[in-house]
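So for the sequence shown, full-length UniProt numbering puts the first residue at 1; every next one is plus one.
Here a beta-carbon is modelled for each residue, glycine too, at the ideal position from N, C-alpha and C.
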Amino acid sequence: MSNSVKERTFMSYDVKQSEESTSSAKEAINDLSEPLQTEYNYYMQYKTIFNVLEEFARQEDCGDSENDKLKSKVYEIIVQESLAQTTRLGDLEDDILGVKDVNSLSLTYLESRRLEEIVKKKLIEKQCQLTNKNGMLDKNKSKLLTSDPSLNELIENKNQLIALKQEYVKNLLTLAELMTELKEMRLNELPQALEMKIEEWTLSGKICNLKARLLTSKNRVDAFTETSTSLEAYKQLVKDIKREQRVCEEEIENLKQLKRQYEQVSCKQYDEILKSYLEYKAALERKKLLYSRFKDKV
Numbered sequence: 001m002s003n004s005v006k007e008r009t010f011m012s013y014d015v016k017q018s019e020e021s022t023s024s025a026k027e028a029i030n031d032l033s034e035p036l037q038t039e040y041n042y043y044m045q046y047k048t049i050f051n052v053l054e055e056f057a058r059q060e061d062c063g064d065s066e067n068d069k070l071k072s073k074v075y076e077i078i079v080q081e082s083l084a085q086t087t088r089l090g091d092l093e094d095d096i097l098g099v100k101d102v103n104s105l106s107l108t109y110l111e112s113r114r115l116e117e118i119v120k121k122k123l124i125e126k127q128c129q130l131t132n133k134n135g136m137l138d139k140n141k142s143k144l145l146t147s148d149p150s151l152n153e154l155i156e157n158k159n160q161l162i163a164l165k166q167e168y169v170k171n172l173l174t175l176a177e178l179m180t181e182l183k184e185m186r187l188n189e190l191p192q193a194l195e196m197k198i199e200e201w202t203l204s205g206k207i208c209n210l211k212a213r214l215l216t217s218k219n220r221v222d223a224f225t226e227t228s229t230s231l232e233a234y235k236q237l238v239k240d241i242k243r244e245q246r247v248c249e250e251e252i253e254n255l256k257q258l259k260r261q262y263e264q265v266s267c268k269q270y271d272e273i274l275k276s277y278l279e280y281k282a283a284l285e286r287k288k289l290l291y292s293r294f295k296d297k298v
C-alpha cells in the first residue's frame, strides 16, 4: 500500500514539473514571438523595397538618359552588395568566383531623391493593384452573401471604401507626378530662368552706363557749340571768380595779421600786470616787516 502511494506521489510530481516546464517554455515563446513578428515585418518591408528596386533596375531602357543611367547605377549597386554579402573563402585575397573588391558606388543627392520618388510611385502602384484584387474578391464574396439582408449595407460601405481608396491612390499618383514635374522645374528650368534674368539685369546696367556716358558727352559738346556771347559770359564768370578769390585771400591775410598783433598786445599787457603784481607784493612784504619791527619795540 505504501509503494502505490509513493508511485502516485512521484507521478503527480513529474506531471507538475512537466506542466511548469511547458508553461515556462510557452512564456519564453510568447516573449520571443512579438520581437520576431516585428523583425519579420521589417524584413517584409525591406524585401518589398528591394524587389521594387530590382524590378526598376531590370526594366528596359525608355529613352530617358538620366533614368537609364540611374537604372544602370542601381543595378551595379545591387550586384556589388550581393558580392559583399558573399562569404569569403578562407584567407584568399580574392572574393568568391575570383572577383576582387571593387570601389563602392554611391548615389548623389539628386539621384537619391529621384530614386526615392520612383520607389514611392511604384509602391503606390502595387498597393493599388492589391486593392483592386481585394476588391474583386470582396465583390465575389458579396454575391454569395447577398442572401443575408443584414450584410447588404456592410457590403455597400465596403465597396464605397474601396472606391475611395482607389480615388485616394490615383490622387497620390497624380501628386507624385506633379512633385516630379515641380522637381524638374526647380532643378532645370528655374536655374535657366534665373541665369536669363541675371543676364537681363547685367545688360540693363550696361545700357544705363552707356546712357550716362552719352549724356555726359552730349553736355560737353553742347557747352562748346553754344553762341559766342555765351562763351564771353563764361570768360567773364571765370574772371569774377578769380577776383573774388583774390579778395578772399587778402581778407584771410588781414585776419592773420590782426591775430599776430593781438597776440603781441596780449603778451605786453600780461607783462605789465605781472610787473605791477610783483611790485605790490614787494611793498606788502616791506609793510609787514615794518609792522613786525614796530610791534617788537612797543
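Taking the C-alpha atoms as reference points, what is the distance between residue i and residue j?
| i | j | result |
| --- | --- | --- |
| I96 | V74 | Confidence is the limiting factor: at I96 the pLDDT is only 49, short of 50, which leaves the residue's position unreliable and the question unanswerable from this model. |
| L36 | S82 | 25 Å |
| K287 | I273 | 21 Å |
| S72 | K158 | 43 Å |
| E116 | W201 | 38 Å |
| Y280 | E253 | 41 Å |
| N232 | C248 | The displayed chain sequence assigns Glu, not Asn, to residue 232. If you take the alpha carbons of E232 and C248, they lie about 24 Å apart. |
| S106 | E55 | 19 Å |
| L290 | K256 | 52 Å |
| E199 | S65 | 29 Å |
| I207 | P191 | 24 Å |
| L130 | N67 | 26 Å |
| L161 | T38 | 28 Å |
| K218 | G205 | 20 Å |
| L203 | Q236 | 44 Å |
| A176 | K121 | 7 Å |
| S173 | Q80 | The sequence given here places Leu at residue 173; Ser does not occur at that position. Spanning the two alpha carbons is a distance of roughly 32 Å. |
| L145 | E156 | In this predicted model, L145 has a pLDDT of only 47, less than 50, meaning its place in the structure is not dependable enough to derive any value. |
| D240 | Y234 | 10 Å |
| E27 | E34 | 12 Å |
| L194 | E184 | 15 Å |
| A84 | M44 | 21 Å |
| D165 | K197 | Sequence check: residue 165 is Lys here, not Asp. One C-alpha to the other measures close to 45 Å. |
| E167 | Y40 | 31 Å |
| L278 | E285 | 11 Å |
| V169 | E76 | 32 Å |
| N171 | I124 | 10 Å |
| Q211 | E60 | Correcting the residue type first, residue 211 is Lys in the shown sequence and not Gln. Each residue's Cα considered, the two are about 59 Å apart. |
| Y221 | L215 | The sequence shown places Val at residue 221, not Tyr. Those two C-alpha atoms are separated by around 10 Å. |
| L258 | A283 | 38 Å |
| L187 | Q127 | 29 Å |
What does the Cβ neighbour count give for residue i, buried or exposed, with the cut at 16 atoms within 10 Å?
| i | result |
| --- | --- |
| L70 | buried |
| Q182 | A small correction: the amino acid at residue 182 is Leu; Gln does not occupy that position in the sequence shown. It is exposed - the Cβ of L182 has fewer than 16 other Cβ atoms within 10 Å. |
| L32 | exposed |
| L53 | buried |
| L89 | The predicted position of L89 is uncertain, since its pLDDT is 49 and thus under 50; no value can be drawn from it. |
| R246 | exposed |
| R213 | exposed |
| R58 | exposed |
| I118 | buried |
| R243 | exposed |
| R260 | exposed |
| R114 | buried |
What did DSSP end up calling residue i once you bin it into helix, strand or coil?
| i | result |
| --- | --- |
| R58 | coil |
| D68 | helix |
| S82 | helix |
| T108 | coil |
Say whether the segment 39-49 touches the segment 110-118, bearing in mind that this needs 3 or more beta-carbon pairs closer than 8 Å, one atom from each stretch.
no
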